[in-house]
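All remarks here apply to the structure that follows.
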Amino acid sequence: METPIVKLDIQDLETVYEPSEDSFLLIDALEADFEKLKKAKPVMCLEIGSGSGVVITALAKALNRFFPAYFMAVDINSNACRVTKRVGQDNLVDINVLQMDLINLVKKENTFDVVIFNPPYVVTESLEVLDQRLISKTWAGGIDGREVMDMLFPHIPNILSNNGLFYLVTIKQNDPISIINVFKQWKMSGEIICDRKIRGEHLYILRFVKITL
Ligand SMILES: C[S@@+](CC[C@H](N)C(=O)[O-])C[C@H]1O[C@@H](n2cnc3c(N)ncnc32)[C@H](O)[C@@H]1O
1 METPIVKLDI
11 QDLETVYEPS
21 EDSFLLIDAL
31 EADFEKLKKA
41 KPVMCLEIGS
51 GSGVVITALA
61 KALNRFFPAY
71 FMAVDINSNA
81 CRVTKRVGQD
91 NLVDINVLQM
101 DLINLVKKEN
111 TFDVVIFNPP
121 YVVTESLEVL
131 DQRLISKTWA
141 GGIDGREVMD
151 MLFPHIPNIL
161 SNNGLFYLVT
171 IKQNDPISII
181 NVFKQWKMSG
191 EIICDRKIRG
201 EHLYILRFVK
211 ITL
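The opening position of the sequence shown corresponds to residue 1 in the UniProt record's numbering, with each subsequent residue numbered one higher.
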């Protein structure tokens, strides 16, 4: 999977997450899973919290060689939305971008074959999650780093198609195994598909699918 060209100026960097080890580990995981992704023949793909757009752009570039799919990105930060659109264009892919809080405005009848989330996962005080500064939104995860991602989880079974794939970035402090257990109540199975230790952080990529009988 080709790493997209991402040009962020000083002003972008004040509020938009610069692609980092977590972004690149997620791209690596999608690349390692590419045969599975191709098999799912995705028509609708969604990234929640797209930041610079590096991940959804990498996915769109790779999948576009095989299928004409629809790529949607959402972010709470309007500057991130603008940059995601631009990075898509710079890399000759069309990303449909919407500013929203998680998936609040996604219609119930819309389902996605691939959903990706690299959430704000850093353990912080709960108050920091409410900090209105946009750059804080990139990392502040509250208690156990779980407060933002936990709000999304119950919606995943509703927006994921029956053979859809959900990819999530976590760190050790988020307790990836307990996240996998949380999804069991919605008849979804999860597994750690890769992990990497980087500068005091242990990153994990989880993949979830619906359990079909
Ligand atoms: C760790 S960054 C990841 C950015 C990008 N996906 C990447 O991997 O480089 C987290 C992103 O989630 C966005 N975000 C945080 N809270 C959000 C929310 N409630 N709804 C939508 N996006 C949110 C942030 O603005 C930020 O762009």
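C-beta atoms are modelled at their ideal positions from N, C-alpha and C, and glycine is treated no differently.
Beta-ladder partner(s) of residue i, from DSSP
i	result
residue 71	45 and 95
residue 194	205
residue 210	188
residue 168	117 and 206
residue 160	112
residue 140	122
Integer-rounded CB distance, given that residue j should sit under 8 Å from residue i
i	j	result
residue 29	residue 193	6 Å
residue 116	residue 55	6 Å
residue 160	residue 112	6 Å
residue 73	residue 16	About 13 Å separates the two Cβ atoms, so there is no contact after all.
residue 164	residue 114	7 Å
Exposed unless 16 or more other CB atoms sit within 10 angstroms - verdict on residue i
i	result
residue 4	buried
residue 13	exposed
residue 32	exposed
residue 146	buried
residue 130	exposed
residue 171	buried
residue 100	exposed
residue 26	buried
residue 174	buried
Reduced DSSP secondary structure (H/G/I, E/B, other) of residue i
i	result
residue 110	coil
residue 178	helix
residue 173	helix
residue 133	coil
residue 200	coil
residue 84	helix
residue 102	coil
residue 2	coil
residue 77	coil
Minimum Cβ-Cβ distance from residue i to chain B less than 8 Å
i	result
residue 206	No chain B appears in the structure shown, which is made up of a single protein chain.
*asked:* Restricting to runs no shorter than 3 residues, where is the beta strand (DSSP E) found entirely within the stretch 7 to 66?
replied: 44 to 48
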